[in-house]
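Below: the structure, in structure tokens.
Number of protein chains: 2
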Amino acid sequence: MEVFLDQEQIAGLEKLERAAMVNSITGFKNANLIGTLNSEGNSNLAIFNSVIHIGANPAFMGFIIRPDSVERHTLKNIEERQFFTINHVNEKMYKQAHQTSARYPIEISEFDACGLNPVFKNEFPAPYVMESNIKIGLSFQERINIQLNGTILVIGKVVQLYFPEHAWCLDGFVDIEKAGTIACSGLDSYHKTNRIARLSYAKPDKDPVELEMKYK
Amino acid sequence: MEVFLDQEQIAGLEKLERAAMVNSITGFKNANLIGTLNSEGNSNLAIFNSVIHIGANPAFMGFIIRPDSVERHTLKNIEERQFFTINHVNEKMYKQAHQTSARYPIEISEFDACGLNPVFKNEFPAPYVMESNIKIGLSFQERINIQLNGTILVIGKVVQLYFPEHAWCLDGFVDIEKAGTIACSGLDSYHKTNRIARLSYAKPDKDPVELEMKYK
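Residue numbers (numbering that gives the first Met the number 0), protein chains in the order written: chain B, 0 to 215; chain X, 0 to 215.
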């Protein structure tokens with residue numbers, strides 16, 4: 000049986016029920032930890048599942064932030080310090096990663112509170128997550144205020160990138176499944192993945208074929 | 000071994016290699032088909048992997064579009080007709096979904112060319128994908144031009160929602176894994192998922208616990 004809800008029925012749901020539903024229908028999302036430093040040099044860490052690709056050249060990535068959430072520490076720090084890190088979540092530390100969404104006071108580092116280790120690499124001025132297998136350092140580029148509901152799109156440029164060598168494919172693709180990265184759905188559901196296939200670049204006159212995985 | 004690349008090394012990669020790499024490092028993404036009608040009433044369908052949650056009340060969803068890509072038909076149609084659909088991709092039709100990214104001429108419907116069926120439901124003025132198990136109808140709300148690189152964030156409001164009853168949880172969560180939705184990485188890699196756990200709402204003073212899945 001198929002459930003059908005219209006906009007009045009969605010609006011009429013209880014608040015938490017609506018949040019759980021609407022957050023789950025986007026499809027699978029990434030699970031990423033964003034690391035920052037505040038003006039006193041104290042570290043902050045928060046989980047996000049709205050990281051998106053904005054462009055490849057230059058390499059731009061963005062994420063959506065709610066100004067009224069605990070995540071405001073992240074935005075404040077990025078605007079003050081101009082740098083942040085994006086760190087992939089894996090199965091070994093997804094509970095610690097989830098725990099960073101608790102509303103800790105600003106003087107508490109989620110690294111300490113949640114049992115994850117900050118690491119500074121190649122003079123990048125924001126903390127990476129040691130337990131993450133894929134780590135990205137970004138410089139802040141632009142804040143876009145979404146007038147509709149007060150959310151904010153934060154865009155950064157990739158200036159450092161770390162990933163496991165065994166996950167690097169000949170064509171440049173980084174096999175994040177092989178690197179242990181997990182997926183998320185809704186606000187709280189974490190998922191391992193199992194590749195069906197990579198498909199060839201689509202052209203109008205032929206069917207896509209499955210690509211062989213070729214690592215460097 | 001960990002690979003380290005800085006921004007000069009990323010910029011120095013061959014174009015397709017850089018695109019493959021940068022598109023894969025966001026983490027897992029959704030795979031969604033966006034359905035529209037043009038001014039003559041002809042249908043268009045294109046795969047996107049940048050759908051994001053913008054808000055739950057009202058229920059807003061967005062996606063990123065490159066103006067110079069084949070996907071411009073989607074943007075033109077949304078601006079002209081004000082309505083579009085988002086349809087989850089599943090394992091049974093992921094090859095047809097991928098094939099919609101080929102550069103078909105504007106007079107060709109990707110539904111016909113790729114072997115997917117349009118369906119119109121409850122007087123919504125854009126085509127849903129019959130083969131999708133989760134279907135969302137949206138009204139166009141806002142176009143935000145990202146000056147940095149000319150990409151565009153398109154935001155819609157959810158006005159219709161269809162999903163399988165067996166995937167509906169008591170707390171409102173829609174179990175998209177149970178509904179057959181698959182994940183994507185990079186530009187061309189498709190993945191089934193296997194839930195590790197849902198975790199309880201994080202609070203500073205206690206560890207998260209695994210939630211039991213309870214369906215309606």
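Every residue gets a Cβ at the ideal spot worked out from N, C-alpha and C, and that includes glycine.
**Request:** Name, please, each residue of chain X whose Cβ falls closer than 9 Å to the Cβ of Q81 (chain B).
**Result:** For the C-beta of Q81 (chain B), not a single chain X residue is nearer than 9 Å; the gap to the nearest is close to 14 Å.
**Request:** List the endpoints of the continuous alpha helix (DSSP H) containing M20 (chain B).
**Result:** Where M20 (chain B) is concerned, the enclosing alpha helix (DSSP H) stretches over 14-23.
**Asked** V173 (chain X) touches chain B at which residues, Cβ-Cβ below 7 Å?
**Response** Correct list: M20, S23, I24.
**Asked** For K177 (chain X) versus G26 (chain B), is the C-beta distance shorter than 9 Å?
**Response** Using a Cβ distance threshold of 9 Å, K177 (chain X) and G26 (chain B) do not count as a contacting pair.
**Asked** Do P207 (chain X) and K94 (chain B) have their C-beta atoms within less than 9 Å of each other?
**Response** Taking 9 Å as the Cβ cut-off, P207 (chain X) and K94 (chain B) qualify as a contacting pair.
**beta-carbon R65 (chain B) near the ligand GDP non-hydrogen atom, thresh 8 Å** = Looking at this structure, you won't find the ligand GDP or any other ligand, since it has none at all.
**Item:** Per DSSP, cross-strand counterpart(s) of F3 (chain X)
**Value:** Residue pairing for F3 (chain X): DSSP places it in a beta bridge opposite B:Y161.
**Message:** So, for P117 (chain X): in the same chain, excluding its five sequence neighbours on each side, which residues have a beta-carbon less than 6 Å away from its beta-carbon?
**Reply:** Cβ neighbours of P117 (chain X) beyond the five flanking positions: S42, F110, P126.
**Asked** At what residues does the beta strand (DSSP E) containing K134 (chain B) begin and finish?
**Response** It spans 134-145 - the beta strand (DSSP E) in which K134 (chain B) sits, taken as one unbroken run.
**Message:** Just checking: is the beta-carbon of D111 (chain X) within a distance shorter than 9 Å of some beta-carbon in chain B?
**Reply:** Not one chain B Cβ lies under 9 Å of D111 (chain X).
**Message:** Against chain B, does Y200 (chain X) count as a neighbour if the rule is that its beta carbon must be under 9 Å from one of theirs?
**Reply:** Closer than 9 Å to some Cβ of chain B, the Cβ of Y200 (chain X) qualifies, so yes.
**Prompt:** chain X partners of V158 (chain B), CB-CB under 9 Å?
**Reply:** Those within 9 Å of V158 (chain B) in chain X are D5, Q6, I9.
**Message:** So that I know if they touch, is there some Cβ in chain X lying closer than 9 Å to that of E106 (chain B)?
**Reply:** No, no contact with chain X.
**Asked** How would you call S38 (chain X), buried or exposed, if buried means at least 16 neighbouring beta carbons within 10 angstroms?
**Response** By the Cβ neighbour-count rule, S38 (chain X) is exposed, with fewer than 16 other Cβ atoms within 10 Å of its own.
**Message:** Considering just the uninterrupted stretch of the alpha helix (DSSP H) at C183 (chain B), what are its terminal residues?
**Reply:** It is not in any alpha helix (DSSP H) - C183 (chain B) instead sits in the beta strand (DSSP E) that spans 182-184.
**Prompt:** Which chain B residues are close to I143 (chain X), counting only those with a beta carbon under 8 Å from its beta carbon?
**Reply:** Result: I143, I145, L152.
**Item:** Limits of the alpha helix (DSSP H) - the one that N76 (chain X) falls within
**Value:** Per DSSP, the continuous alpha helix (DSSP H) segment holding N76 (chain X) begins and ends at 71-80.
**Prompt:** Going along chain X in order, which residues have a C-beta closer than 9 Å to the C-beta of F139 (chain B)?
**Reply:** Close partners of F139 (chain B) in chain X (Cβ separation under 9 Å) are lacking, with about 12 Å as the shortest Cβ gap.
**Message:** Suppose the cutoff is 6 Å on Cβ atoms and the five residues either side in sequence are ignored; what does the same chain contact list for Y214 (chain X) look like?
**Reply:** Around Y214 (chain X), the same chain offers C168 as residues with beta carbons nearer than 6 Å, after the five sequence neighbours per side are excluded.
**Prompt:** From which residue to which residue does the beta strand (DSSP E) around K202 (chain X) run?
**Reply:** First-last for K202 (chain X): undefined, no H or E at that position.
**Request:** Measure the alpha-carbon distance for L137 (chain X) versus K156 (chain X) and round it to whole angstroms.
**Result:** Roughly 5 Å between the two C-alpha positions.
**Asked** Taking buried to mean at least 16 other C-beta atoms within 10 Å of its own C-beta, is G114 (chain B) buried or exposed?
**Response** Exposure of G114 (chain B) is indicated by the presence of fewer than 16 other C-beta atoms within 10 angstroms of its C-beta.
**Asked** In terms of alpha-carbon separation, which member of X:T180, X:F162, X:F139 lies closest to R80 (chain X)?
**Response** Among X:T180, X:F162, X:F139, the Cα nearest to that of R80 (chain X) is on X:F139.
**Request:** Kindly give me the distance between the Cβ atoms of E1 (chain X) and P163 (chain B), rounded to whole angstroms, as I take these residues to be in contact under 8 Å.
**Result:** 6 Å between Cβ atoms; contact.
**Request:** My understanding is that T150 (chain X) touches R71 (chain X), with C-beta atoms under 8 Å, so please give their C-beta distance in whole angstroms.
**Result:** That belief does not hold up - the Cβ atoms of T150 (chain X) and R71 (chain X) are roughly 12 Å apart, past 8 Å.
**Message:** Taking the beta strand (DSSP E) that A55 (chain B) belongs to, which residues open and close that run?
**Reply:** Going by DSSP, A55 (chain B) is part of the beta strand (DSSP E) stretching over 51-55.
**Request:** Determine which residues of the segment 80-100 of chain X have a Cβ less than 7 Å from any Cβ of chain B, and write them out in chain order.
**Result:** Within the segment 80-100 of chain X, the residues whose Cβ lies closer than 7 Å to some Cβ of chain B are H87, E90, Y93, K94, H97, Q98, S100, listed in chain order.
**Prompt:** Under 9 Å between C-beta atoms, does A55 (chain X) make it to chain B?
**Reply:** Taking CB atoms only, A55 (chain X) has a neighbour in chain B less than 9 Å away.
**Prompt:** Is any beta-carbon of chain X found at less than 9 Å from that of K229 (chain B)?
**Reply:** Since the first residue shown for chain B is 0 and the last is 215, residue 229 (chain B) is missing from the structure and cannot be characterised.
**Request:** Measure from the C-beta of N43 (chain X) to each C-beta in chain B and report whether the shortest distance is under 9 Å.
**Result:** Closer than 9 Å: no.
**Item:** Cutoff 8 Å; reference D174 (chain B); Cβ partners in own chain excluding five residues on either side
**Value:** Excluding positions up to five away in sequence, the list reads A166, W167, C168, M212, Y214.
**Message:** Classify Q146 (chain B): buried if its beta carbon has 16 or more other beta carbons within 10 angstroms, exposed otherwise.
**Reply:** Its Cβ having fewer than 16 others within 10 Å, Q146 (chain B) is exposed.
**Asked** With 16 other CB atoms within 10 Å as the buried threshold, where does K134 (chain B) fall?
**Response** Around the beta carbon of K134 (chain B), a 10 Å sphere encloses 16 or more other beta carbons of the protein chains shown; the residue is thus reported as buried.
**Message:** I'd like to know whether the C-beta atoms of F240 (chain B) and F62 (chain B) end up nearer to each other than 9 Å.
**Reply:** Chain B is shown only over 0 to 215; residue 240 (chain B) falls outside these bounds and no answer can be derived.
**Message:** Within 10 Å of its beta-carbon, does Y161 (chain B) have 16 or more other beta-carbons around it, so buried, or fewer, so exposed?
**Reply:** Flag for Y161 (chain B) reads buried.
**Item:** At least three beta-carbon pairs within less than 8 Å, the segment 181-190 of chain B to the segment 181-198 of chain X
**Value:** Short answer: they touch.
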